[in-house]
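Just below is one structure, and these are the notes that go with it.
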Amino acid sequence: MTDSEFLAQAIALARRNVEKGGRPFGAVVVRNGEIVGEGVNQMLELHDPTAHAELLALRHAGNHLRQTRLEDCVVYASGQPCPMCLAAMRMAGVTRAVYAYSNADAEPYGLSTASIAQALRADPHEQPGFSFTQQKPEGEPSLYDFWQQKQN
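Residue numbers (our numbering): 32 to 183.
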């Protein structure tokens with residue numbers, strides 16, 4: 032299948048989600064020409080602000096492939112992935128994503144994440160409207176040292 036055909040699958044998922052009362056976002060994860068994960072936005076149904084189509088598709092793919100690294104996968108999304116979804120893709124090793132509708136397309140409907148993406152370009156300590164403070168516990172060994180010891 033081609034990029035356009037996989038993208039059409041993501042859009043079809045989004046349309047079905049809208050018909051069920053959901054938000055207009057769908058995504059598929061493809062590996063070697065096969066869909067290995069799919070998802071639709073389920074924020075409202077699950078009361079979960081992280082239940083974006085791309086994240087659910089990545090979770091589905093990881094579960095299906097029984098791995099967390101998805102370097103050889105491509106994500107196809109109906110809408111431009113938000114910063115959270117983009118970060119998850121990068122953390123999973125995904126190196127390619129294709130989307131249909133941009134933040135500019137989503138803006139008139141209140142669905143753009145461009146302002147969040149812009150705010151995240153600043154250092155976390157300098158982002159307006161967000162407090163970001165480190166407070167390390169005193170008198171106990173490092174959590175990371177503890178983890179490393181348990182790995183051996």
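Just so you know, even glycine gets a beta-carbon here, dropped at the ideal spot from N, CA and C.
All figures in this text were calculated on a predicted structure; none of them were measured in a lab.
query                                                                                                                         : result
Do G93 and Q73 count as a contact pair if the criterion is CB distance below 8 Å?                                             : no
By alpha-carbon positions, which one of T99, D176, G64, A128 ends up nearest to A6?                                           : The chain is shown from 32 up to 183; residue 6 falls before or after that span and cannot be answered.
Would you report the Cα separation of F163 and G141, rounded to the nearest angstrom?                                         : 27 Å
Are the region 110-129 and the region 75-93 touching, with three or more C-beta to C-beta distances below 8 Å?                : yes
Which residue or residues does DSSP assign as beta-bridge partners of G68?                                                    : V60
Are there three or more Cβ pairs, one per stretch, closer than 8 Å when the region 149-161 is compared with the region 59-75? : no
At the level of alpha carbons, what is the spacing between L96 and C104?                                                      : 11 Å
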